[in-house]
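Student: First, the structure itself, so that you have it in front of you.
Written out as structure tokens, the structure reads:
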């Protein structure tokens with residue numbers, strides 16, 4: 546048995562905030578200190594805009610993407626984007642996958 550994410554809205558409301566705090570602590574440890582932690586947390590929890598659309602503006606009192614690009618090195622900004630992709634796309638996708646073995650979807654040849 547393993548954890549399976551059944552509701553993306555539950556992930557966004559219950560899991561994403563503590564995971565983002567943990568990710569921001571890691572980003573700070575990795576040397577991203579030019580941006581306030583609250584602005585980092587807001588950025589890494591923001592959904593990636595659709596291709597061709599403009600990035601969302603910063604929240605009231607927050608730091609916008611353009612300001613972050615200017616304040617961070619190229620590698621630091623890439624790390625920030627990788628963290629956001631991991632939190633808002635990859636992790637919910639992986640947690641939403643059900644084990645095919647427990648549902649009997651694998652044939653006997655796969656189990657050998």
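Residue numbers (the numbering used here): 546 to 657.
Ideal Cβ placement from N, Cα and C applies to all residues, glycine included.
Please confirm whether residue 548 and residue 632 have their CB atoms less than 8 Å apart.
Tutor: What you label residue 548 is simply residue 3 of the chain shown in a count that begins at 1. What you label residue 632 is simply residue 87 of the chain shown in a count that begins at 1. Between residue 548 and residue 632, the gap from beta carbon to beta carbon reaches 8 Å or more.
Student: Counting only the same chain and skipping the five closest in sequence on each side, list residues whose C-beta sits under 8 Å from that of residue 551.
Tutor: Position 6 of the chain shown, counting from 1, holds the residue named residue 551. If we look at residue 551 and ignore the five residues flanking it on each side, its Cβ neighbours are 641.
Student: Report the three-state DSSP secondary structure of residue 622 (helix, strand or coil).
Tutor: Locating residue 622 in the chain shown gives position 77, where the first residue counts as 1. Residue state, collapsed to three classes: helix.
Student: Note the first and the last residue of the continuous alpha helix (DSSP H) segment covering residue 588.
Tutor: Taking the first residue of the chain shown as 1, we reach residue 588 at position 43. Segment 582-589, the alpha helix (DSSP H) holding residue 588.
Student: Leaving aside the five residues before and after residue 553 along the sequence, list all residues of the same chain whose C-beta is less than 7 Å from its C-beta, in chain order.
Tutor: The sequence position of residue 553 within the chain shown is 8, counting from 1. These residues qualify, in order along the chain: 637.
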